[in-house]
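See structure below.
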Amino acid sequence: MMKIGVVAVQGAFREHQRMLNQLGVDTIEIKRSQHLENLNGIVLPGGESTSIGKLMREYGLIEPIREMVQQGTPIFGTCAGMIVMAKTISSGEEPHLAVMDVTVSRNSFGRQKDSFEADLDMDVIGSTPFPAVFIRAPHIESVGENVRVLSRYQGRIVAVQEKHCLAISFHPELTDDSRIHQYFLEKIVQPSLQTVR
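Under the working numbering, the first residue of the sequence shown carries the number 1173, and numbering increases by one thereafter.
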């Protein structure tokens, strides 16, 4: 059975676990580096990116996760998780994992839109729009040449993929729509199991 680790230092990690479990996947909460053994993929939930980055450092997770991702372990970050994955943060904040060639901007949609829902077109998961939940969401300002843009909202990039790394601005785990998690498992994790690292 596929085993996915969900970074559980802060944020909506239980909701991610619930969705992955519903898809028939075994999950483990990642709180220490010993929880990283024998994983087929990693999920980095939303929350507050500065706190998540700080706690991941304190718990000794930054270096081992970065190494795993560099060696081909699939990773999926949502909202603050996307910020933690980015190589550049436009506010000048020090990058955390720095595993994706993107520049992110925090709290992109203004205070009056702290949280909102929008139907997003995302071809890789099918033709039916995805009911995206944005909560103080970041967006991607720019992408490197190997980064594929998967979706935009009002012209701003909100979903990207770079090889085995998937990152989105919104919270799919807070909906009943499991298509993005399914995409991560079927199109990113599953193929990585065929390749010998």
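All C-beta atoms, glycine included, are put in the ideal place defined by N, C-alpha and C. What you are looking at is a predicted structure, and each value in this text was computed from that prediction instead of being measured.
Item to complete: Starting from Ala1258, trace the beta strand (DSSP E) both ways and give me its first and last residue.
Response: 1258-1261
Worksheet item: So Ile1214 packs on Ile1261, CB below 8 Å; how close in whole Å?
Response: About 20 Å separates the two Cβ atoms, so there is no contact after all.
Fill in: Of the residues Ile1360, Val1332, Phe1306, Phe1356, the one placed nearest Thr1347, counting alpha carbons only
Phe1306
Worksheet item: Under 7 Å between the Cβ atoms of Ile1312 and Val1296?
Response: no
Item to complete: Just grab the DSSP bridge partners of Ile1329 for me.
Response: Ile1312, Arg1324
Fill in: Where Pro1303 sits in the DSSP three-state scheme
strand
Worksheet item: Tell me which same chain residues have a C-beta within less than 8 Å of the C-beta of Asp1291, skipping the five on either side of it?
Response: Pro1301, Phe1302, Pro1303, Ala1304
Discussion item. Can you tell me whether Val1319 sits near the ligand ZN, meaning its C-beta is under 6 Å from at least one heavy atom of the ligand?
Written reply: Ligands displayed in this structure: none; no statement on the ligand ZN is therefore possible.
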